[in-house]
Amino acid sequence: MKVYELIKKLLENGLVEHSESPWASPIVIVLKKNGVDIRMCIDYRVVNMFIKLSNYPLPLIDDLLIGFESVMWFMSLDMASGFWAIRMTERAKLISAFVCPFGHFQWVRMPFGLKNAPLVYQAVINNCLWGFVRLPPEEEAEVDQDVLDFLQLERPGGGVTEEKVPALTDTMTVFQRNIPTPSHMGLVLGRSSYIDDIAHGAVSWDQLCGDLNNLLFRLRYWNISASLPKSEFGKRSIPYLSHEISAERLRKLQKESGICRFRAL
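First residue of the sequence shown: 119, per the working numbering; consecutive thereafter.
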């Protein structure tokens, strides 16, 4: 019944839809750490064999761990179900199709498990932080007015004319539409994210609060949510990419494996 309830919730929230795709990957159910809730994973191993790997680069971890020597205050944000912020093209929906005892479904939003999903998400989060291109008009129309006002963007139909907008189809991504942002909408934090983990530091408390405010408005514009329980704000040091970062040092964090715990018993 838990799988049924999960599928029903995904359908109600518009995350999946019924499918007639020729693809049909199997599901794998994993019990969460609380021992009660479940996580539905999809075995895309066969599908991934036929997907061409994207050339989009992931940042070098070493580059994300330097430059914090003069920082006094830190924050880190972990995105909540970040991949679901990205709409699937019609072609990608077919590839994402999966089967379970309750039917044949496909994803409307990007799922975990597809080969290029982390690279696509990295491109979106980089663009969110750097501010290169804006959302297409039909998606920007769904953005709250206070967010557009803060970012100094006119509601679609005002500053964006039909002549400036490429033809919109369900097969195009936001980058293929390539609608540039205004010059004032520059970078927020720069490139400080590794997929769904963001880390940032500031020399003063006021600067940290200002940077956080700017970041949250940009995340709202891109419909990206942060997980508060997994995020840190106003700290003297933060864990990031298996390291502890502070103004004084960069320390590798040691993670105890299940094998070590078993031997200790």
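Note that beta-carbon positions come from the ideal geometry of N, C-alpha and C, so glycine has one too.
Assuming residue i and residue j are in contact, meaning their beta carbons sit under 8 angstroms apart, how far apart are those beta carbons, in whole angstroms?
i, j, result
"GLY304", "GLY249", "5 angstroms"
"MET158", "VAL121", "7 angstroms"
"ILE145", "PHE201", "17 angstroms between Cβ atoms; not a contact."
"LEU247", "TYR339", "About 12 angstroms separates the two Cβ atoms, so there is no contact after all."
"SER360", "LYS348", "So it is not a contact: roughly 15 angstroms between Cβ atoms."
"LEU124", "ILE156", "7 angstroms"
"LEU266", "LEU176", "That pair is no contact at about 31 angstroms."
"GLU350", "SER194", "5 angstroms"
"ASN296", "VAL251", "6 angstroms"
"MET228", "ILE213", "Not a contact, Cβ separation roughly 11 angstroms."
Take the Cβ of residue i as the centre, count every other Cβ of all protein chains shown within 10 Å, and call the residue buried at 16 or more, exposed below.
i, result
"ASN244", "buried"
"GLU272", "exposed"
"ARG209", "exposed"
"MET119", "exposed"
"GLY319", "buried"
"ARG336", "buried"
"LYS211", "buried"
"ASN173", "exposed"
"SER199", "exposed"
Give the secondary structure of residue i by DSSP, where H, G and I count as helix, E and B as strand, and everything else as coil.
i, result
"GLU123", "helix"
"GLN372", "coil"
"ILE196", "With the sequence shown as reference, residue 196 is identified as Asp, and Ile is not the correct amino acid for it. If DSSP states are grouped into helix, strand and coil, ASP196 belongs with the strands."
"ASP315", "strand"
"LYS282", "Low confidence applies to LYS282: its pLDDT is 46, below 50, so where it sits in the model is not reliable, and the reading given next is rough at best. It is helical."
"ARG157", "strand"
"PHE230", "coil"
"ILE363", "strand"
"GLY277", "Its pLDDT being 47, under 50, GLY277 is placed unreliably by the model, and nothing is read from it."
"TRP141", "coil"
"MET235", "With the sequence shown as reference, residue 235 is identified as Ala, and Met is not the correct amino acid for it. Residue state, collapsed to three classes: helix."
"TYR358", "strand"
"ALA215", "coil"
"PRO255", "helix"
"GLU208", "helix"
"LEU149", "strand"
"GLY185", "coil"
"LEU305", "coil"
List the residues that DSSP assigns as beta-bridge partners of residue i.
i, result
"TRP323", "Answer by DSSP bridge pairing: none, since TRP323 is not bridged."
"GLU135", "GLN224"
"LYS348", "Looking at the DSSP assignment, LYS348 forms no beta bridge with any residue, so it has no partner."
Evaluate contact between the region 135-145 and the region 217-227, counting only Cβ atoms and requiring at least three cross-stretch pairs below 8 angstroms.
Touching, per the Cβ criterion.
Does the structure place the region 180-196 close enough to the region 306-315 that three or more beta carbon pairs sit under 8 angstroms?
Yes, the region 306-315 is in contact with the region 180-196.
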